[in-house]
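The structure appears below as structure tokens.
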Amino acid sequence: MRDKTSRFGVFYLSLFFVMLYLPVLSVVLYSFNASSSTAQWTGWSLEWYRQLFRDRTIGQAFRTSIQVAVLTAILSAVLGTFTAVVSMWVSARMKKALQGIMILPLIVPEVALGVSLLFFFNALRLPFGILTLVLSHSLFCVPYVYIMVRLRLAEIDASIIESALDLGASTWQMVRTIILPLVAPSIVTAALLCLAMSLDDVIISTYMSGPRSTTLPVHVFSMMRVGVTPKVNALCTLILVGTFFIIGVSQLITKKRRFAK
Amino acid sequence: MKQPLLALVNLNKYYGDVHVLKDITFTINEGEFLTLLGPSGCGKTTLLRCIAGLERIQSGDILLEGASIKDLAPNKRNVNTVFQNYALFPHLNVYDNIAYGPRMKRSVREAELKQRVAEVLDLVQMSGYEERMPHQLSGGQRQRIAIARALINEPAILLLDEPLGALDLKLRKHMQTELARLQRKTGTTFVYVTHDQEEALNMSDRIVVIDQGEVQQLGTPRDIYNNPANLFVTSFIGDRNIFPVEVLETGAEQAKVRLGENVVQVRSSAAGRAALRAKEEAVLAILMDKMRVSCAEMDNALRGEVVSIHYAGSQIRIEVRVADRILTVVEYQKMECDCQVGDAVFVSWEESGAVLLPMEAGWEERGM
Numbered sequence: 001m002r003d004k005t006s007r008f009g010v011f012y013l014s015l016f017f018v019m020l021y022l023p024v025l026s027v028v029l030y031s032f033n034a035s036s037s038t039a040q041w042t043g044w045s046l047e048w049y050r051q052l053f054r055d056r057t058i059g060q061a062f063r064t065s066i067q068v069a070v071l072t073a074i075l076s077a078v079l080g081t082f083t084a085v086v087s088m089w090v091s092a093r094m095k096k097a098l099q100g101i102m103i104l105p106l107i108v109p110e111v112a113l114g115v116s117l118l119f120f121f122n123a124l125r126l127p128f129g130i131l132t133l134v135l136s137h138s139l140f141c142v143p144y145v146y147i148m149v150r151l152r153l154a155e156i157d158a159s160i161i162e163s164a165l166d167l168g169a170s171t172w173q174m175v176r177t178i179i180l181p182l183v184a185p186s187i188v189t190a191a192l193l194c195l196a197m198s199l200d201d202v203i204i205s206t207y208m209s210g211p212r213s214t215t216l217p218v219h220v221f222s223m224m225r226v227g228v229t230p231k232v233n234a235l236c237t238l239i240l241v242g243t244f245f246i247i248g249v250s251q252l253i254t255k256k257r258r259f260a261k
Numbered sequence: 001m002k003q004p005l006l007a008l009v010n011l012n013k014y015y016g017d018v019h020v021l022k023d024i025t026f027t028i029n030e031g032e033f034l035t036l037l038g039p040s041g042c043g044k045t046t047l048l049r050c051i052a053g054l055e056r057i058q059s060g061d062i063l064l065e066g067a068s069i070k071d072l073a074p075n076k077r078n079v080n081t082v083f084q085n086y087a088l089f090p091h092l093n094v095y096d097n098i099a100y101g102p103r104m105k106r107s108v109r110e111a112e113l114k115q116r117v118a119e120v121l122d123l124v125q126m127s128g129y130e131e132r133m134p135h136q137l138s139g140g141q142r143q144r145i146a147i148a149r150a151l152i153n154e155p156a157i158l159l160l161d162e163p164l165g166a167l168d169l170k171l172r173k174h175m176q177t178e179l180a181r182l183q184r185k186t187g188t189t190f191v192y193v194t195h196d197q198e199e200a201l202n203m204s205d206r207i208v209v210i211d212q213g214e215v216q217q218l219g220t221p222r223d224i225y226n227n228p229a230n231l232f233v234t235s236f237i238g239d240r241n242i243f244p245v246e247v248l249e250t251g252a253e254q255a256k257v258r259l260g261e262n263v264v265q266v267r268s269s270a271a272g273r274a275a276l277r278a279k280e281e282a283v284l285a286i287l288m289d290k291m292r293v294s295c296a297e298m299d300n301a302l303r304g305e306v307v308s309i310h311y312a313g314s315q316i317r318i319e320v321r322v323a324d325r326i327l328t329v330v331e332y333q334k335m336e337c338d339c340q341v342g343d344a345v346f347v348s349w350e351e352s353g354a355v356l357l358p359m360e361a362g363w364e365e366r367g368m
């Protein structure tokens, strides 16, 4: 009886993963297709990758994306960590309010968030470009950093903090020598997540992109309007590899941390 | 006469509406090993944390060497704490853990620091462990490092919050002697919190018994064991038979009391003497191991019937029913009389083992 259910479970799961990843795999496969049509397979080729690297606008969009992602990761890591650490000293009520404010950007639909940011930055007369991209990406990245650092902070035994103060550390010395080193792995993991999320974002970036600063996903999206070319497949494959790499690194850091415990 | 090092003056502490420390007043002498003893939740750890500066007090004062420290932050007080779970910094090795205090206070140079760390490691017999990480150490070793980390700061007082609570029985016994040795060797004043009466009696110069946020008794282990001041101390320290008796006559040192048809002379406590009056109820407490069972009738003994006999290694525990009460007698040597269950026997005791105390309302309900 148990055998039967487990066999069904394996079948169901396999089906689930095939449905989930088959389209992704086909994109990767067809990026190496020699034919310019995405409908038939005519043999292996790196032609589309060659074209991809020759495309200047894509190169520009790629650079913009990387710049925005790195700046977003840094800004979010700093703001999120700062808020999480400060929240250790505020009252329970403040903490709850802070928690709510932090979760809000994750609940508000991105379309609404995008429109409101558009109005906001317009009112401030900020030129749309890297700055607005970084600020808007940070808006939905800071909460992730905050949550991950908070989780790690909650794991730290209160007596460790008390004993640092007891041994003669001032509050700031204690934060610098005890709290920050202990939450560092979480900060790095969260920053990498921000990097991946910023690289991935389409909706908000569509609103925020300036005339000379389009991010890669936004550019891909606009390329799609003229139809799926194998070049898009090649680009998507590279984005996929890049994202997997970042997530892989962050997983490694988390794993290492577990061992260190 | 030793100088008082720390003075607690009418100290009060509330958590919201809960009055957790009530008018605590006593002094701690330089170089002594003082234990705060009480059941869990009695406020002993809170009191320790107030001295360390980790909790604020609402009224009263804490004087260290004559100066008030009640408004100072923990890092400005010349006291250090050893926490129950050791609280070693998990990301720092043994050397950096121990060097933490002096580094934060920038009190010594690195070269001198190395020398000092070596000294305290030697003191706790952990030389050679400098490079180890806390998770590579056993519970007992972590304990030693936590003590070394505190002692390197040369605090006026070392506060220890149930430091042996997490260790197994054998290690706990070993660490008891170890702590006493460290205390004598460094001459540091130790304030030790525990709920374990054996630990307290073994190690302390003086014991403060605390219950429900109040000091119940303060004295030497011998004093507290033999002359408990009230019913709480009587029931908390030592294994005693505690039962109500009727007072017939009161004298200077002695009182005549009645239990069922037995009339006996007993020693009354110093505190009890004033409060005891004839024809009233009082409570008699007798240490189980100061009692004897005899077959022959004798003076000043309670007549009863043997209910059960248990042999537990070197101890023999005999339960005797005396006028509706079951008393437990613990004998160590061969029993005086070879009684069997159901035999009529006489229970007597060494005079110093018994103490007569005034009755307190609701004493039986409080789990005594």
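Line by line, the protein sequences give chains A and B.
The first sequence stops at residue 261 when you use the numbering used here, and every number in between is there.
The second sequence stops at residue 368 when you use the numbering used here, and every number in between is there.
Note that the Cβ used here is the ideal one computed from N, Cα and C, for glycine as well.
- Closer than 9 Å, CB to CB, is B:Asn153 near chain A or not? yes
- Message: Give me, in chain order, the residues of the same chain whose beta-carbon lies closer than 7 Å to that of A:Thr72; leave out the 5 immediate sequence neighbours on both sides.
- Response: Val134, His137, Ser138, Cys141, Cys194 and Ser198
Worksheet item: Among residues of its own chain, excluding the 5 on either side of A:Ala191, which ones have a beta-carbon nearer than 6 Å to its beta-carbon?
Response: Ala73 and Ala77
Smallest Cα separation from A:Tyr146: which of A:Gly100, A:Ser36, A:Phe120 and A:Thr243?
A:Gly100
Taking just the CA atoms, how far does B:Ala73 sit from B:Arg144? 26 Å
Checklist line | Candidates A:Gly242, A:Ala164 and A:Thr229, of which the one nearest B:Tyr100 by Cα | finding: A:Ala164
message = Strictly under 9 Å for the Cβ-Cβ distance: is A:Leu182 near chain B by that measure?
response = yes
Worksheet item: Is there contact here, the region 160 to 167 of chain B with the region 73 to 82 of chain B, by at least three beta-carbon pairs under 8 Å?
Response: yes
Since I believe A:Ile247 is in contact with A:Ala169 (beta carbons under 8 Å), could you give me their beta-carbon distance rounded to a whole number of angstroms? No, A:Ala169 and A:Ile247 are not in contact; Cβ-Cβ is about 36 Å, not under 8 Å.
Query - CB contact below 9 Å: B:Lys44 versus chain A - result: no
Below 9 Å between beta carbons: does that hold for B:Leu11 and B:Asp61? yes
Checklist entry - For A:Trp44, does the three-state DSSP call read helix, strand or coil? => result strand
Subject >> Continuous beta strand (DSSP E) assignments of at least 3 residues falling wholly in the region 184 to 233 of chain A >> reply: none
query = Listed from N- to C-terminal order along the chain, which residues in the region 82 to 94 of chain B have their beta-carbon within a distance smaller than 9 Å of any beta-carbon of chain A?
reply = Val82, Phe83, Gln84, Asn85, Tyr86, Ala87, Leu88, Phe89, Pro90, His91 and Leu92
Anything in chain B within Cβ reach of A:Ala169, meaning under 7 Å, just list it in chain order. Asn75 and Met104
- Item | Candidates B:Ser204, B:His19 and B:Gln265, of which the one nearest B:Gly43 by Cα | B:His19
Checklist line | Buried versus exposed call for A:Asp166 [16 or more other C-beta atoms within 10 Å across all chains shown] | finding: buried
*Name, please, each residue of chain A whose Cβ falls closer than 7 Å to the Cβ of B:Ala52.*
Asp166
Can you tell me whether B:Trp349 is helix, strand or coil according to DSSP? strand
Item checked: Three-state secondary structure assigned by DSSP to B:Gln315 -> strand
query = Listing by chain order, which chain B residues have their CB less than 7 Å from the CB of A:Ser163?
reply = Thr81, Phe83 and Ala87
inquiry  = Taking 8 Å as the limit between beta carbons, can you name the residues of its chain near B:Met359, skipping five residues before and five after?
reply    = Pro244, Glu280, Glu281, Ala282 and Val283
inquiry  = Using 9 Å as the threshold, is the C-beta distance between A:Leu286 and A:Phe62 below it?
reply    = No answer is possible for residue 286 of chain A: the residues shown for chain A start at 1 and end at 261.
According to DSSP, simplified to helix, strand and coil, what is A:Glu155? helix
> For A:Lys256, which residues of its own chain have a beta-carbon under 6 Å away from its beta-carbon, when the five flanking residues on both sides are left out?
Replying inline: none
According to DSSP, is B:Gly165 part of a helix, a strand, or is it coil? coil
Suppose the cutoff is 6 Å on Cβ atoms and the five residues either side in sequence are ignored; what does the same chain contact list for A:Trp44 look like? Phe32
For a cutoff of 9 Å on Cβ pairs, would you count A:Ile187 as touching chain B? no
- Where does B:Ala255 sit, in a helix, a strand or coil, going by DSSP? strand
Item to complete: Check whether the Cβ atoms of A:Ile58 and A:Leu235 sit closer than 9 Å, and answer yes or no.
Response: yes
Q.
Give me the chain B residues within the contact set of A:Ile253, using Cβ-Cβ distance strictly less than 7 Å, ordered along the chain.
A. Going along chain B, no residue has its Cβ under 7 Å from A:Ile253, so there is no contact; the nearest lies around 15 Å.
task: Report yes if the C-beta distance between A:Leu22 and A:Leu238 is below 9 Å; otherwise report no.
output: no
Cutting at 7 Å between CB atoms, please list the residues of its own chain near B:Gly238, excluding the five before and the five after it.
Tyr225 and Leu287
- So, is the C-beta of B:Met368 closer than 9 Å to a C-beta in chain A? Since pLDDT at B:Met368 reaches only 43, below the 50 mark, its modelled position is unreliable, and no value is offered.
Problem set entry | chain A contact for B:Tyr332 (CB, 9 Å cutoff) | no
B:His19 - partner residues in DSSP beta bridges: B:Tyr14
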